[in-house]
Amino acid sequence: MGADHARIVARDLKCATLQVVCDMKETRARSVADACDAVDVTSDPAGTISRQDVDAVIIATPDSTHASLCLACIAESKPVLCEKPLSRSSTDCLEVMEAEHRAGRQLVQVGFMRRFDRAYREMKASLDSGALGRPLIMHNFHRNVETPGADFTAAMAITNSAPHEFDVARHVLGTEYRDVSAFRPERSDALVPPVIMVLGTEDDQLVTIEINNNAAYGYDIRAELVGETGSISMNDVAYTRTDAGLSSTTGYDTDWRNRFANAYVSQGRDFLDFVETGNFSLVAANCWDGYAAAIVAEAGARALDSGSRCAIRMIGKPEVCE
Ligand code: ISE
């Protein structure tokens, strides 16, 4: 993802300069920097964040490093776009939120880019227009071709993949969650088996989420919002259909980077605008949203382990996060 964000800065954010590419493997940083005409390369994240020639930071490192790097950006008063999740730990998310509050200004944008995807934006607009009546249920399917590597654990279906749905469903519905139940098909012997979650919201709605990190056939994201008088669902986003040999076929993306390419660029443009003007995006996710996703993921993991419905208890929403 770091390489993808570098490409977006270099190719799509014309008012930005890709100043430094930082990676623990300097050779990898160099290859990305050469491909994106970055000014410099390093393997020192703290030094990069504090550089005078760096105005803003994009974090796309492993999940476990996100919170500490955000804290370093806040300490240097550098606006930061942090890839999701802000942290898998809700406590760490609160630490970042409190540090940002002490800094006296908003600095952290969290990379829940689905909010920028046209399908979810049309869903939210349709709901907000009243066309569907009061929302009752939102169904979500999140299917990856296969897990990205051996370090992707079964729990990460909930703590790494599902935060996208936790966030975008509460963003579209405009509510918070009250409880979660989680189930896994005992038949699956995959190292990261599918998970089904059913969440209740504070507005008495239901959100269903299927996460399948080893769907095999393609990268397939689906959503349907069901209201009292209508429903709106996400169409396939294939740009072409091939008709041949008595059949008609459309293809799937291999992963999220193509499927949400436009959303990543829109997210980056809103971040750049935030850096330049200090006006935080009306669409993007903030620290509170990062905390909300983490607290739901923690409850989802508990629900899966316990086999029972788990309450989701969040702190009161600080005024500054409204
Ligand atoms: C990955 O980290 C992402 O953010 C992708 O959008 C998601 O589809 C995938 O399941 C996650 O592992």
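Using my numbering, the first residue of the sequence shown is number 955, and each one after it goes up by one. For each residue, glycine too, the CB sits at the ideal point set by N, CA and C. These numbers were taken from a predicted model, which means no experiment stands behind them.
Counting other Cβ atoms within 10 Å of its Cβ, glycine 1270 stays below 16 and is therefore classed as exposed. Runs of beta strand (DSSP E) with 3 or more residues, each lying fully within the region 983 to 1017, are found at 994 to 996, 1011 to 1013, listed in chain order.
Secondary structure note for tyrosine 1245: its alpha helix (DSSP H) is the uninterrupted segment 1241 to 1260. DSSP, reduced to helix, strand and coil, places cysteine 1024 within a helical segment of the structure shown. The residue among Ala1251, Val1237, Lys1032 with its C-alpha nearest the C-alpha of serine 1043 is Ala1251. Valine 1191 and glutamate 1119 have their C-alpha atoms spaced approximately 18 Å apart.
Each residue's CA atom was taken as its position, placing alanine 1169 and serine 1142 some 11 Å apart. Rounded to the nearest whole angstrom, the C-alpha separation of cysteine 976 and serine 997 is 5 Å. Under the three-state reduction of DSSP output, isoleucine 1186 falls in the strand class. Rounded to whole angstroms, isoleucine 1028 and alanine 1198 show a C-alpha spacing of 56 Å. Taking C-beta atoms under 8 Å as the contact rule, lysine 1038 and valine 1064 qualify, at a distance of about 6 Å. Between the ligand ISE and the CB of aspartate 1209, the shortest heavy atom gap is smaller than 8 Å.
If only uninterrupted alpha helix (DSSP H) runs of at least 4 residues are considered, those enclosed by the region 1072 to 1135 are 1072 to 1083, 1117 to 1127. Its chain contains Val1099, Tyr1173 as the residues whose beta carbon lies nearer than 7 Å to that of threonine 1208, once the 5 sequence neighbours on both sides are disregarded; these appear in chain order. Nearest C-alpha to isoleucine 1112 among Ala957, Met955, Arg1256: Arg1256. Between leucine 1025 and proline 1089, the C-beta spacing is not below 9 Å.
In the three-state reduction of the DSSP assignment, valine 1191 falls in the coil class, being assigned neither a helical nor a strand state. In the three-state reduction of the DSSP assignment, serine 1041 falls in the coil class.
Boundaries of the alpha helix (DSSP H) harbouring aspartate 966: 956 to 966, taken from the DSSP string.
With distances taken between CA atoms, methionine 1188 lies nearest to Met1077 out of Arg965, Met1077, Ala1010, Leu1236.
Measuring C-alpha to C-alpha distances from glycine 1084 to each of Ile1150, Gly1184, Asp1046 identifies Gly1184 as the nearest.
Ser1235 is the residue among Thr1231, Ser1235, Glu1230, Ala1217 whose C-alpha sits nearest the C-alpha of aspartate 1224. In the three-state reduction of the DSSP assignment, glutamine 1063 falls in the strand class, which pools E and B. The alpha-carbon separation between valine 1034 and serine 1201 amounts to approximately 48 Å.
Relative to the ligand ISE, serine 1115 has its C-beta within less than 8 Å of a heavy atom. Proximity of the beta carbon of proline 1033 to the ligand ISE is not indicated: no heavy atom of the ligand is located closer than 8 Å. Just measuring C-alpha positions, the residue of Thr1015, Pro1016, Arg1211, Pro999 sitting nearest valine 1008 is Pro999. Proline 1272 has its Cβ no nearer than 8 Å to any heavy atom of the ligand ISE.
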